[in-house]
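As you go down the protein sequences, you meet chains A and B in turn. Numbering-wise (this note's numbering), the first sequence opens with residue 7 and increments by one. Numbering-wise (this note's numbering), the second sequence opens with residue 7 and increments by one.
There are 2 protein chains.
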Amino acid sequence: MATLLVDKRDQMFILKEMLDIDALCRFPKYASHTGYPMVLTEAHKFANVELHPATAEGDRQGCTYDPKTRAVTFPDCFKGPYRKLLDGGWLAMCDSPEVGGDGFPLTVGTAVSEVFYAGCFYLYGAAELTHAAAKVIETYGSDEQKRIYMKRLFAGEWQGTMCLTEPQAGSDVGAVQTVARPNADGSYNIVGTKIFITAGEHDLTDNFVHMVLARIEGDPAGTRGLSLFIVPKFTPDAAGNPGARNDVYCTGIEHKMGLHGLVTCTMAFGDSNGCTGYLLGERGKGMPEMFHMMNEQRLLVGVEGLSFSSNAFLHAVDYTQNRFQGGSVYPDRDRNAPVAIINHPDVKRMLLTMKAYVEGGRALAYFTSYCIDQAGVTEGEESGRWHGLVELLTPIVKAYNTDKSWEITALAIQCAGGYGYCSDYPFERLARDCKVTTLFEGTNGIQAIDLMFRKLLGNKLVNFRTLTGKMDRTIAEAGRIESLAGYAATVRRAKEELEATVEGLAALAGSEQGLDLYAKTAPFLDLMGDVTLAWLHLWQLTIAEPKLMEAVGAKGKGEREAILAKNKNAAFYYGKVMAGQFYIGTLLKNSFGKFERLRAEENPVIDMFEKSFVA
Amino acid sequence: MATLLVDKRDQMFILKEMLDIDALCRFPKYASHTGYPMVLTEAHKFANVELHPATAEGDRQGCTYDPKTRAVTFPDCFKGPYRKLLDGGWLAMCDSPEVGGDGFPLTVGTAVSEVFYAGCFYLYGAAELTHAAAKVIETYGSDEQKRIYMKRLFAGEWQGTMCLTEPQAGSDVGAVQTVARPNADGSYNIVGTKIFITAGEHDLTDNFVHMVLARIEGDPAGTRGLSLFIVPKFTPDAAGNPGARNDVYCTGIEHKMGLHGLVTCTMAFGDSNGCTGYLLGERGKGMPEMFHMMNEQRLLVGVEGLSFSSNAFLHAVDYTQNRFQGGSVYPDRDRNAPVAIINHPDVKRMLLTMKAYVEGGRALAYFTSYCIDQAGVTEGEESGRWHGLVELLTPIVKAYNTDKSWEITALAIQCAGGYGYCSDYPFERLARDCKVTTLFEGTNGIQAIDLMFRKLLGNKLVNFRTLTGKMDRTIAEAGRIESLAGYAATVRRAKEELEATVEGLAALAGSEQGLDLYAKTAPFLDLMGDVTLAWLHLWQLTIAEPKLMEAVGAKGKGEREAILAKNKNAAFYYGKVMAGQFYIGTLLKNSFGKFERLRAEENPVIDMFEKSFVA
């Protein structure tokens with residue numbers, strides 16, 4: 007069977023050869039989990055056999071809403087796979103045994119998530135939200151709340167949701183108008199409308215647990231007046247069994263570009279003034295509590311973006327291997343016999359571009375998870391440094407990987423020509439689906455603002471310097487391998503230009519041109535992504551290049567390809583080295599123009615007059 | 007009413023102030039057409055009132071196919087507008103009075119096409135195909151063929167189609183297997199299957215005239231064995247009225263990412279061995295005859311890409327003017343009151359980026375049409391130079407404008423946040439629809455190969471030097487305007503780097519690294535587009551900057567904005583100048599990295615081993 011979801015060999019390369027997860031597993035916290043390769047194998051099996059077959063049909067059928075019953079129906083092909091996903095205990099694989107989890111490192115969990123998102127974005131997306139709600143309750147819930155909700159959520163028995171957005175409160179969460187009035191029994195009467203609620207209502211679970219941001223009557227305006235509430239669909243009785251129907255209903259669903267297999271609901275709380283909610287954590291701390299989970303959620307959205315790119319790339323490889331069209335331009339081949347189009351240089355350029363961004367984006371996402379794992383097993387300043395890297399890299403994983411998914415899925419469409427536009431192939435669906443990842447959990451514009459002002463400047467560049475320190479070590483190591491010296495020099499140049507750029511941004515802050523910073527957020531995030539990927543590719547080259555040299559040495563094309571055809575491992579390292587060399591030697595050159603762009607003054611943006619866009 | 011399709015003021019700026027269409031109209035061929043501004047006004051009215059309202063509903067309903075009757079039904083809201091489009095005589099506005107046309111310059115026709123595509127891509131797309139078929143018959147048809155088919159096609163009474171692609175013959179047209187066997191009466195018996203046939207069958211016209219590429223039995227393999235045939239759905243009788251049903255049927259339609267309102271058919275010719283076709287033009291000349299029309303078709307596809315970008319940009323301006331969210335970051339405004347998000351720098355950056363590419367892409371498309379017009383009214387070498395520019399620029403208009411539409415529609419989605427992903431707004435539809443323009447009439451990969459090998463190197467850089475000569479004149483002129491000198495210098499630098507790059511490519515051809523060229527086609531086209539747009543922006547600045555200075559001088563922000571708020575014309579020039587300055591001063595800087603990239607050796611692409619993409 008062709009590998010069409012995620013390249014497991016590449017995952018293992020990153021986990022084992024690059025990040026040395028085996029060493030991580032020597033920490034007592036993870037001691038029993040050296041068996042992660044087997045888990046990954048199982049995940050691939052499950053994604054290919056159970057999840058993926060439901061996806062195209064789920065997109066075709068979509069979710070339906072019945073305004074009479076206010077019920078949402080999922081595609082009928084979802085029930086079996088969803089049950090099996092929960093029964094497999096996959097949701098809590100990185101959680102502690104006390105809550106029913108398996109305690110795997112998050113890095114391994116991230117690898118599994120990529121596979122499951124690629125298998126079925128809709129089903130795993132719904133399940134992941136439940137997991138996020140479980141984590142919020144684990145962190146902030148009372149013992150009673152934990153007893154009733156937590157394990158059921160970790161097991162996926164009930165659906166969890168995140169209810170932040172309102173029609174007038176999107177990126178500006180502080181504008182939330184949903185109100186909570188205290189009841190005599192300590193509970194709250196919730197009234198308000200939330201929109202864009204993923205999986206707010208459906209027929210796959212018996213109960214729903216909504217995490218709702220609302221303002222207790224009289225509390226201040228803005229985000230600091232917001233509190234977090236648990237609003238169950240059926241209020242659990244003392245034993246935790248679903249009881250009375252609460253006054254929260256789905257009043258409509260969105261018709262969207264994609265994500266047809268995962269419903270997006272408008273939720274009305276207290277339309278009949280009978281919606282009861284329960285304060286979760288501290289009054290007025292709703293935002294920080296939500297945001298405690300946000301980093302991990304944003305990392306996961308980045309993994310979603312990656313999964314679309316991976317999926318599109320592997321399907322494109324498969325398509326171009328099997329589509330014969332046009333003669334070869336290589337002088338050693340027959341010009342007149344049609345060849346598989348994977349052999350045409352322009353197609354190879356597209357595929358190698360995809361491969362470079364997929365494998366770079368994968369290293370980026372896994373490395374960020376690895377930093378979370380490291381922060382959890384180290385202490386003091388060391389742990390702080392790992393945590394700082396997580397802070398810095400999270401908006402990049404989220405925005406860069408999802409922005410790239412729009413480009414990569416489009417390249418895959420181009421590889422398939424007209425067929426790429428037709429629903430018989432997955433390419434067009436992947437492009438439609440991936441776009442939502444640039445929007446939810448904070449638009450990519452919001453990520454870029456977060457990176458510039460909180461993660462970079464707000465932190466006086468400390469986290470940034472931790473990152474460039476790591477880059478320096480890789481550059482030095484690569485410089486010692488003769489065949490990599492040129493690539494090391496290019497990455498050094500990029501890193502130095504990045505440092506100079508960041509110094510320039512820091513100098514802008516507080517200067518007369520300070521507003522320029524606001525016009526530079528997104529281009530800066532993009533460039534941070536470019537250079538970080540260059541470092542990660544160089545790191546991978548330092549591992550793969552010596553192994554490739556061992557297998558093929560400096561042999562010519564004919565001999566080399568004879569070896570690669572027989573030796574799968576050598577073929578893998580060859581692809582890894584080509585992708586890294588193409589990224590650093592060719593694609594990264596684009597970034598040197600982007601540095602120039604970032605140095606430009608942004609007067610036209612800052613001075614632009616509203617009525618002059620169309621006059 | 008907000009301007010939501012195409013900015014007419016900008017169209018008029020390009021037509022009148024930049025290209026001086028009034029002077030073009032002094033040539034006898036166009037002498038009676040100084041009234042083009044009125045025609046443009048009528049086109050906008052028609053597009054807004056009749057075409058645009060049908061579009062969202064057309065996308066929602068889609069086209070349906072009944073396998074029993076093999077009939078295709080268009081959305082019912084299309085009938086009225088389509089009739090009115092034909093009755094308005096719009097199709098033949100640039101054709102000669104002898105065929106029922108109005109003889110307008112093509113530049114004006116291109117402006118009208120942009121408006122109509124933006125109004126309804128589906129309906130105007132169907133009509134334009136009919137027009138293309140009419141032109142083929144005008145150029146190559148016998149007197150009898152012209153008498154029967156031509157005027158009916160120019161009037162849009164019957165639907166014309168282009169039938170090239172077959173399952174095994176996409177980009178490789180020479181692989182066509184449809185066969186034509188001579189009948190005793192001089193007609194041909196056609197047998198074969200064509201796919202991806204736009205408007206191959208529907209219920210808006212009484213008859214269909216298919217232009218079919220087929221191989222006469224015994225003719226050589228490859229493109230030089232192909233001939234062109236007219237295959238009517240109902241064979242016209244001597245009076246030209248639809249007669250007997252011909253054996254050509256739609257056997258299925260594609261389910262696509264977008265373009266739901268314009269059907270894509272699989273057409274079976276001669277399934278019952280009763281399909282009659284009529285040779286059009288010369289035996290064995292099918293390809294050159296098709297390609298005679300291709301330049302104009304490709305230009306039009308570029309205009310389609312532009313129309314999506316324009317539509318998305320103007321809807322984004324409208325949305326962001328009316329969406330209030332978050333406080334202003336400008337020091338002179340209230341930080342706490344929500345402002346229209348058009349005032350946030352990151353949103354302004356997105357809008358200004360869109361504006362710069364829309365107005366640059368528009369200038370590119372109109373200028374290329376203008377070259378066609380000039381080639382038609384000049385003679386000898388001068389005409390040849392204009393024609394050379396058309397040759398060079400056409401693949402750029404097609405591929406660059408359609409590639410950009412994928413980026414621009416995505417930016418528009420980002421401007422609208424989560425709403426951008428929902429079908430209540432046009433953004434997601436525009437993104438889905440625009441993707442097909444990167445694929446049809448030759449994928450953008452094919453355009454880039456055409457540009458590199460035929461239009462650039464195949465022509466020994468003559469056309470390229472004609473273009474850079476024009477750039478030189480604009481750079482010199484801009485250099486004489488003090489406030490533009492810096493921008494002129496940046497464009498000069500870009501032009502000189504482009505010249506050096508092109509010399510480098512020419513040197514590669516025939517060298518040992520010659521294969522590298524095949525890996526550089528698409529990045530080169532992209533860069534040609536970047537630099538050509540820079541030139542066109544500079545040209546526009548030389549006109550707009552003095553007019554802006556006249557209106558506002560060097561006044562500060564407050565005084566300036568007071569003038570702009572009152573003076574629409576000044577507000578337009580201000581927007582034009584800001585877009586041009588942003589493009590050249592900021593966006594173009596990215597291109598200097600792309601030059602570096604193009605200089606890189608492409609060994610990884612050329613050497614990549616098929617089995618190493620996934621090992």
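Think of the CB as a built atom: it goes at the ideal place given N, C-alpha and C, for glycine as much as any other residue. Owing to the predicted nature of the structure, the values given are computational and were not obtained by experimental measurement.
- Taking C-beta separations shorter than 6 Å and ignoring five residues to either side along the sequence, the partners of Gly535 of chain B in its chain run Ile402 and Tyr406, following chain order.
- Proximity to Val185 of chain A across A:Leu504, A:Val218 and A:Leu417 peaks at A:Val218, based on C-alpha coordinates.
- One Cα belongs to Phe33 of chain B, the other to Leu21 of chain B, and the distance between them is close to 16 Å.
- When Cβ-Cβ separations below 8 Å define contact, Ile222 of chain B makes no contact with chain A.
- Annotation note: the region 338–384 of chain A contains the following uninterrupted alpha helix (DSSP H) runs of length 4 or greater, listed N- to C-terminal: 351–383.
- Contact note: Thr449 of chain B reaches chain A through Gln420 and Gly423, using a C-beta cutoff of 7 Å and chain order.
- The shortest CA-to-CA distance from Gly292 of chain B to any of B:Met24, B:Thr145, B:Ala29 and B:Glu502 is the one to B:Thr145.
- Between the region 483–492 of chain B and the region 302–322 of chain A there are fewer than three C-beta pairs closer than 8 Å, too few to call the two in contact.
- Not flagged as an interface residue toward chain A: Leu46 of chain B, since no C-beta distance is shorter than 8 Å.
- Taken atom to atom, the span from the alpha-carbon of Gln519 of chain B to that of Glu413 of chain A is near 28 Å.
- With contacts defined by Cβ atoms closer than 8 Å, Val442 of chain B and Lys501 of chain B do not form a contacting pair.
- Note that the C-beta distance between Cys421 of chain B and Met356 of chain B is below 8 Å.
- Of all residues in the region 450–483 of chain A, those with a C-beta nearer than 8 Å to a C-beta of chain B are Asn450, Gly451, Ala454 and Ile455, reading in chain order.
- The three-state reading of DSSP puts Lys466 of chain A in coil, since its state is none of H, G, I, E or B.
- Residues of the region 42–74 of chain B with a C-beta less than 9 Å from any C-beta of chain A: Arg66, listed in chain order.
- Taken atom to atom, the span from the alpha-carbon of Cys69 of chain B to that of Arg76 of chain B is near 13 Å.
- Leu399 of chain B has its alpha-carbon roughly 14 Å from the corresponding atom of Gly366 of chain B.
- Under the rule that a run must span 4 or more residues, the alpha helix (DSSP H) segments found entirely inside the region 463–530 of chain B read 468–485 and 491–514.
- For Gln183 of chain B, the three-state secondary structure derived from DSSP is coil.
- Between Glu172 of chain A and the set B:Phe330, B:Gly106 and B:Glu150, the nearest pair of CA atoms involves B:Phe330.
- Per DSSP, the beta bridge partners of Ile259 of chain A are A:Cys271.
- Per DSSP, reduced to three states, the secondary structure at Val558 of chain B is helical.
- Judged by DSSP secondary structure, Cys169 of chain B falls within the beta strand (DSSP E) whose first and last residues are Gln165 to Cys169.
- For Asp93 of chain B, the closest of B:Tyr128, B:Phe52, B:Arg66 and B:Pro111 by C-alpha to C-alpha distance is B:Phe52.
- Within the model, the alpha-carbon separation for Leu504 of chain A versus Gly492 of chain A is close to 18 Å.
- Following the DSSP letters along the chain, one finds Leu135 of chain B inside the alpha helix (DSSP H) bounded by residues Phe127 to Tyr146.
- For Ser315 of chain A, the uninterrupted alpha helix (DSSP H) run begins and ends at Gly292 to Asn328, by DSSP.
- For Asn596 of chain A, the enclosing alpha helix (DSSP H) stretches over residues Lys595 to Arg605.
- The C-alpha of Gly516 of chain B lies about 47 Å from the C-alpha of Gly267 of chain B.
- Within 10 angstroms of the beta-carbon of Met44 of chain B lie fewer than 16 other beta-carbons, which makes it exposed.
- Taking a beta-carbon distance threshold of 8 Å, Ala437 of chain B counts as an interface residue toward chain A.
- Residue B:Thr507 holds the alpha-carbon nearest to the alpha-carbon of Ser597 of chain B among B:Glu302, B:Gly228, B:Gly287 and B:Thr507.
- Annotated as proximal: Gly290 of chain B and Ser233 of chain B, with beta-carbon spacing under 8 Å.
- Bridge pairing for Pro242 of chain A: A:Pro248 [DSSP].
- Shown in chain order are the members of the region 592–604 of chain B whose Cβ falls below 9 Å from a Cβ of chain A: Thr592, Leu593, Leu594, Lys595, Asn596, Ser597, Phe598, Gly599, Lys600, Phe601, Glu602, Arg603 and Leu604.
- Close CB contacts of Ala124 of chain B within its chain, under the 7 Å cut and outside five residues either way in sequence, are with Leu11, Val12, Ala53, Ser313, Ser316 and Asn317 (chain order).
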